[in-house]
Amino acid sequence: MSSETPNPRVPFSFELYPPRSASSHEALHETVRRLAAAGPDFISVTYGAGGSTGGRSLEVLRFIREHTAVEPLAHLTCVGNTYAGAATLIREFLDAGILSFLALRGDPPVGQDEPFLGDLESAAQLVQLIDRVQAERAPYEESPVPGIPGAARVSARRKASIAVAAFPNGHPRSVHRWQDVDALLAKQAAGATSAITQLFFHADDYLTFVERARAAGVTIPILPGIMPIVSPVRLARVLELTGETLPSELAIALDVEPTPEGRHEIGVEWAARLAREVVAGGAPGVHLYAFNQHDTVLTVLEEAGVLPVSRLR
Ligand code: FAD
7 MSSETPNPRV PFSFELYPPR SASSHEALHE TVRRLAAAGP DFISVTYGAG
57 GSTGGRSLEV LRFIREHTAV EPLAHLTCVG NTYAGAATLI REFLDAGILS
107 FLALRGDPPV GQDEPFLGDL ESAAQLVQLI DRVQAERAPY EESPVPGIPG
157 AARVSARRKA SIAVAAFPNG HPRSVHRWQD VDALLAKQAA GATSAITQLF
207 FHADDYLTFV ERARAAGVTI PILPGIMPIV SPVRLARVLE LTGETLPSEL
257 AIALDVEPTP EGRHEIGVEW AARLAREVVA GGAPGVHLYA FNQHDTVLTV
307 LEEAGVLPVS RLR
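Start counting the sequence shown at 7; every next residue gets the next number (the numbering used here).
Here it is as structure tokens:
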């Protein structure tokens, strides 16, 4: 464990995905409670491209909103959706009280000859649509006044915050080095208020990207996305999904370690070091891909000196 003084001022957040079966609901609720107790800025919930997890994502977001004090952040994808369909979806999330979004294009379905890609061509267009849909709504909201039946307090409606994805090592579709900075600039121009990065394996990947983005005019906060890689299987899976280059040092360490506990420790240490280095380099916080488990990411934050070491877990 790190002996560094915990720094409670480093903001942190988590990403979860909707449960894949009814039986994993209860476990996820417990994970939400445990993550919320650590005091994150927000907990985000992924959304299956093409709407495959729509209802289940919203259920988890509602649970976070109703049972914790943490801001729920909804990922939304637009691939395969019509303009009207995407607008209806955004309205549904806003009506549920969700005011933080991560606007994504999403990946087209594989295995179809000519998949319907949808009316929106990029995440930047989805950012604009979220902005438009929220502008249709009344600029104020009413809440009951305790003790006075029928009375309502009127207050200004909070504006939605819209995050977008950023790719420090380039999106697999990028054809040149500047394309991802240009895409981020386009998303910022469309109204994005922050960005969350794809996972990366070396602090320099993130720090260099931020430097290039700033030089090009990106001013929104860019949160580093950090994923604890605790097994060779998980490493292979994320490399396949993200197109990142194999981090040979980590891959070898995981391969030669004989025990699952040892591999877990290697992954946690790697992620904690990454978190320390990006924060030292000026990152505005850390966003952890939690894989629907609380223990690993909380330990990463403890080892990174972001959370005090818990004697209870
Ligand atoms: P876009 O920004 O529209 O495009 C991606 C890349 O294409 C750009 O970075 C750029 O390289 C290129 N590009 C696009 N438009 C332009 C342009 N006008 N000019 C130049 N270049 C351009 N997927 C899901 O299905 N569900 C999720 O919940 C989900 N969550 C994610 C969370 C994070 C933090 C990240 C990083 C990714 C997530 N993804 C998710 C994956 C994401 O949907 C895919 O990576 C998808 O291929 C790209 O989405 P995007 O929003 O970055 O798209």
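We put the CB at the ideal spot given by N, CA and C, even for glycine.
- Relative to the ligand FAD, the nearest heavy atom lies less than 7 Å away from the CB of residue 83.
- Closest in C-alpha terms to residue 229, from the list 223, 212, 312, 221, comes 212.
- Annotation for residue 316: no beta strand (DSSP E) segment contains it, and DSSP assigns it neither H nor E.
- Residue 164 sits away from residue 149, with the two beta carbons spaced by 8 Å or more.
- Per DSSP, reduced to three states, the secondary structure at residue 258 is helical.
- For the ligand FAD, a non-hydrogen atom lies closer than 7 Å to the CB of residue 185.
- In the structure shown, residue 263 adopts coil according to DSSP, grouped into three states.
- DSSP, read as helix, strand or coil, puts residue 225 in coil.
- Beyond the five residues adjoining it in sequence on each side, residue 233 comes within less than 6 Å, by CB distance, of 205, 295 in the same chain, given in chain order.
- Checking the 7 Å criterion, the Cβ of residue 189 is within range of a heavy atom belonging to the ligand FAD.
- Within the same chain, no Cβ atom closer than 6 Å to the Cβ of residue 33 is found once the five residues on either side in sequence are excluded.
- Under DSSP, the beta-bridge partners assigned to residue 83 are 110.
- Relative to the ligand FAD, the beta carbon of residue 47 is positioned no closer than 7 Å to any heavy atom.
- When C-beta atoms of the segment 98-113 are compared with those of the segment 80-90, three or more pairs fall below 8 Å, so the two segments count as touching.
- Taking a 10 Å sphere around the C-beta of residue 72, we find fewer than 16 other C-beta atoms and assign the residue as exposed.
- Close CB contacts of residue 192 within its chain, under the 8 Å cut and outside five residues either way in sequence, are with 128, 130 (chain order).
- Between the segment 115-122 and the segment 175-187, the count of Cβ pairs shorter than 8 Å is below three; the stretches do not touch.
- Contact between residue 199 and residue 174 is ruled out by a C-beta separation of about 19 Å, above the 8 Å threshold.
- About 29 Å separates the beta carbons of residue 116 and residue 78, which is beyond the 8 Å limit, so they are not a contact pair.
- Taken through DSSP and simplified to helix, strand or coil, residue 122 comes out as coil.
- Nearest in C-alpha terms to residue 241, of all of 260, 266, 37, 196, is 260.
- Residue 39 places its beta carbon 8 Å or farther from that of residue 88.
- For residue 96, the enclosing alpha helix (DSSP H) stretches over residues 89-101.
- Residue range 146-150 is occupied by the beta strand (DSSP E) that includes residue 150.
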